[in-house]
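Those protein sequence lines, which keep their order, are chains A, B and C.
Under our numbering, the residue at position 52 of the first sequence is numbered 52, and the numbers go up by one with no gaps.
Under our numbering, the residue at position 135 of the second sequence is numbered 135, and the numbers go up by one with no gaps.
Under our numbering, the residue at position 95 of the third sequence is numbered 95, and the numbers go up by one with no gaps.
Report on one structure; see the data block that follows.
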Amino acid sequence: MSTLYIAIALFLLLTLVVGLWRILRGPTAADRMLAAQLFGTTAVSCLLLLAQALEQPPLRDVALVFALLAVVTAVAFVRRAWTAEQ
Amino acid sequence: MVTSITFSAVSVRTILFAILWWVVTEAAINSWYIGVPVVVFATWVSLVLLPSFSLSLYGILRFMPFFLWHSLRGGVDVAWRALHPRLAISPDMVDYHLRLPAGLPRVFMINTVSLLPGTLSAEMDENYLHLHVLDKTNDFSKDLAIIEQRVADLFALNLSDY
Amino acid sequence: MSVIDIITAILLIAGAVFFLAGTVGLLRFPDIYTRLHALTKADNVGLGLIIAGLTLQAESLAVVGKLLLIWWLVLLAGASVAHLIAVVAQQRGIKPWKR
Numbered sequence: 001m002s003t004l005y006i007a008i009a010l011f012l013l014l015t016l017v018v019g020l021w022r023i024l025r026g027p028t029a030a031d032r033m034l035a036a037q038l039f040g041t042t043a044v045s046c047l048l049l050l051a052q053a054l055e056q057p058p059l060r061d062v063a064l065v066f067a068l069l070a071v072v073t074a075v076a077f078v079r080r081a082w083t084a085e086q
Numbered sequence: 001m002v003t004s005i006t007f008s009a010v011s012v013r014t015i016l017f018a019i020l021w022w023v024v025t026e027a028a029i030n031s032w033y034i035g036v037p038v039v040v041f042a043t044w045v046s047l048v049l050l051p052s053f054s055l056s057l058y059g060i061l062r063f064m065p066f067f068l069w070h071s072l073r074g075g076v077d078v079a080w081r082a083l084h085p086r087l088a089i090s091p092d093m094v095d096y097h098l099r100l101p102a103g104l105p106r107v108f109m110i111n112t113v114s115l116l117p118g119t120l121s122a123e124m125d126e127n128y129l130h131l132h133v134l135d136k137t138n139d140f141s142k143d144l145a146i147i148e149q150r151v152a153d154l155f156a157l158n159l160s161d162y
Numbered sequence: 001m002s003v004i005d006i007i008t009a010i011l012l013i014a015g016a017v018f019f020l021a022g023t024v025g026l027l028r029f030p031d032i033y034t035r036l037h038a039l040t041k042a043d044n045v046g047l048g049l050i051i052a053g054l055t056l057q058a059e060s061l062a063v064v065g066k067l068l069l070i071w072w073l074v075l076l077a078g079a080s081v082a083h084l085i086a087v088v089a090q091q092r093g094i095k096p097w098k099r
């Protein structure tokens, strides 16, 4: 099973690399933020898969913190960064 | 028979925070030295910040399978449109008259709508929810009325009162 | 491989497919609103399926609870963020793309 977990985690990393294109292209800051939001969800999935594959339960707590931070980042972006630019 | 849980009760909130602590610490026994004061503190803070509200047990039981099934449908729907060679979308903005009362039920509805197939809550004024829809040929008012009814059931509300 | 392992494998692979679809949507959809659809739906279902697969392998009930808590947090974040971004995008006069 470990091999499967790692394989899926690697696949998710690959989709993340493809998603980088949206960060490069934009066109607005919000589009880039969306891509970053997607990376957050992908990272949570990868961490949970690795926690299982490597038998490292603390990685689940890292995933939990990522999930919490995703909200803070996005709200900070909408309220501060996006209104300040342009 | 108990049919609804009232979240004003100190006991209900204490139990929920205790369960949360138990989950977050993955049931580590030693952690309760810190856990007990934290649960007490969290309960106190929540009583100050979050006004009491009631959920219907029957509503919860009906809402969960409804939500799981329709979010799966929503995922399949958007995945199919994204992978479709000609990009099967014809987006538009629509309005929906909300009957749910302001506050938690409305926030809950707005969030649920964004997670279910084809709809995205874009703005809320007085009593109208402005939505962005992925495919304007669908009949959204029917779907939205069902969601609204389910949310009303969840909060033990009767929509015809509003 | 036991039956449970096979179910886990199916759920994980299905989850990965939704992540791929979410990324494709993010790249192909024409404007910010349609991309928000891809983000809030495909990814949440993707993560939901991966978490469903992992709960079958969890060593205790508390771990199941933690996995579900993570899913719930991500759902809440996704829905609230989508709403916030859509509101501000409208205020800034970004017009929805039409066919």
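Using N, Cα and C, we set each Cβ at its ideal position, and we do this for glycine too.
Determine the closest residue to residue i out of the options, with distance taken between C-alpha atoms.
i, options, result
"TYR96(B)", "VAL113(B), PRO105(B), VAL78(B) and PRO85(B)", "VAL113(B)"
"TRP72(C)", "LEU20(B), PHE41(B), ASP77(B) and LEU131(B)", "LEU20(B)"
"VAL45(C)", "ALA79(B), MET64(B) and VAL38(B)", "ALA79(B)"
"ALA21(C)", "LEU12(A), ALA67(A) and GLY40(A)", "LEU12(A)"
"TRP44(B)", "ILE15(B), ILE60(B) and ARG150(B)", "ILE15(B)"
"HIS70(B)", "THR119(B), GLU123(B), ALA152(B) and SER11(B)", "THR119(B)"
"LEU66(C)", "VAL39(B), VAL24(B) and PRO65(B)", "Before going further, note that residue 66(C) is Lys rather than Leu in the sequence given. The shortest C-alpha separation from LYS66(C) is found at VAL24(B)."
"TRP21(A)", "ALA36(A), ALA7(A) and LEU10(A)", "ALA36(A)"
"PRO85(B)", "ALA86(C), ARG92(C), ALA16(C) and GLY25(C)", "GLY25(C)"
"THR110(C)", "ILE23(A), GLY19(A) and ARG25(A)", "Chain C is shown from 1 up to 99; residue 110(C) falls before or after that span and cannot be answered."
"ILE6(A)", "VAL72(A), GLN52(A), VAL17(A) and ALA29(A)", "GLN52(A)"
"PHE66(B)", "SER52(B), ILE29(B), LEU157(B) and ARG150(B)", "ARG150(B)"
"ASP223(B)", "LEU129(B), PRO117(B), SER121(B) and SER52(B)", "Residue coverage of chain B in this structure runs from 1 to 162, which leaves residue 223(B) outside it and unanswerable."
"SER121(B)", "VAL87(C), ASP31(C), ARG92(C) and SER2(C)", "VAL87(C)"
"ARG92(C)", "ALA29(A), THR3(A), LEU54(A) and MET1(A)", "ALA29(A)"
"LEU4(A)", "LEU54(A), LEU68(A), ARG80(A) and VAL72(A)", "LEU54(A)"
Would you check if the distance between the CB atom of residue i and the CB atom of residue j is smaller than 8 Å?
i, j, result
"ALA79(C)", "LEU50(B)", "no"
"LEU56(C)", "ILE13(C)", "no"
"ASP92(B)", "LYS136(B)", "yes"
"ALA38(C)", "ALA102(B)", "no"
"ILE70(C)", "LEU64(A)", "yes"
"GLY74(B)", "PHE18(C)", "no"
"TYR33(C)", "ALA77(C)", "no"
"ALA9(C)", "THR40(C)", "no"
"ASP31(A)", "ARG35(C)", "yes"
Got a sec? Which residues, its chain only, sit under 6 Å from residue i by beta carbon, not counting five neighbours each side?
i, result
"ARG165(B)", "Outside the shown range of chain B, which is 1 to 162, sits residue 165(B), and nothing can be said about it."
"LEU11(C)", "LEU49, ALA52 and GLY53"
"LYS95(C)", "none"
"PHE77(A)", "MET33"
"GLY35(B)", "TRP21"
"ALA42(B)", "PHE17"
"GLN86(A)", "The predicted model places GLN86(A) with a pLDDT of 47, which falls under 50 and marks its position as unreliable; any figure quoted below should be read in that light. None."
"LEU75(C)", "ASN44"
"ILE6(C)", "none"
"TRP97(C)", "PRO30 and ASP31"
If you drop the 5 nearest sequence neighbours on each side, which residues of the same chain put their C-beta closer than 7 Å to that of residue i?
i, result
"VAL94(B)", "LEU131, VAL133 and PHE140"
"PRO57(A)", "ALA51"
"ARG62(B)", "ARG150 and ASP153"
How close, in whole Å, do the beta carbons of residue i and residue j come, if the pair is a contact with beta carbons under 8 Å?
i, j, result
"ASN127(B)", "LEU159(B)", "No, ASN127(B) and LEU159(B) are not in contact; Cβ-Cβ is about 13 Å, not under 8 Å."
"SER60(C)", "GLU26(B)", "7 Å"
"ARG31(B)", "PHE155(B)", "A small correction: the amino acid at residue 31(B) is Ser; Arg does not occupy that position in the sequence shown. Contact flag wrong, Cβ pair sits at about 34 Å."
"ALA156(C)", "TRP22(B)", "With chain C represented from 1 up to 99, any question about residue 156(C) goes unanswered, as that position is not in the structure."
"VAL48(B)", "PHE17(B)", "That pair is no contact at about 14 Å."
"ILE146(B)", "MET124(B)", "Not a contact, Cβ separation roughly 19 Å."
"ALA16(C)", "ILE8(A)", "5 Å"
"SER56(B)", "ASP153(B)", "6 Å"
"ARG28(C)", "LEU68(B)", "Incorrect: roughly 27 Å between the Cβ atoms, too far for contact."
"LEU84(C)", "ALA74(A)", "7 Å"
How far does the alpha helix (DSSP H) with residue i in it extend, from its first residue to its last?
i, result
"HIS84(B)", "It is not in any alpha helix (DSSP H) - HIS84(B) carries neither H nor E in the DSSP assignment."
"VAL65(A)", "58-76"
"SER114(B)", "104-115"
"SER141(B)", "140-154"
"MET1(A)", "MET1(A) -> no alpha helix (DSSP H), and no H or E assigned at all."
"ASP31(A)", "29-53"
"ALA88(B)", "Per DSSP, ALA88(B) belongs to no alpha helix (DSSP H) and is neither H nor E."
"ASP43(C)", "32-55"
Please list, in chain order, all residues of the same chain as residue i whose beta carbon is under 8 Å from its beta carbon, the five residues on each side excluded.
i, result
"PHE66(A)", "GLY40, ALA43, VAL44 and LEU47"
"LEU14(A)", "none"
"MET1(B)", "Below a pLDDT of 50, predicted positions are generally treated as unreliable, and MET1(B), at 45, falls in that range; no measurement from the model is reported."
"VAL10(B)", "THR43 and LEU47"
"ILE89(B)", "ARG81, LEU134 and ASP135"
"ARG25(A)", "ASP31"
"TYR60(B)", "According to the sequence provided, residue 60(B) is Ile. The question's Tyr does not apply to it. Here the set comprises LEU154."
Tell me where the beta strand (DSSP E) around residue i begins and ends.
i, result
"THR23(C)", "Per DSSP, THR23(C) belongs to no beta strand (DSSP E); it is in the alpha helix (DSSP H), 3-28."
"SER54(B)", "54-56"
"THR119(B)", "119-125"
"TYR128(B)", "128-133"
"TYR96(B)", "92-97"
Can you list, in chain order, the residues of the stretch 39-55 of chain C whose Cβ is nearer than 8 Å to any Cβ on chain D?
Chain labels in this structure do not include chain D; the protein chains are A, B and C.
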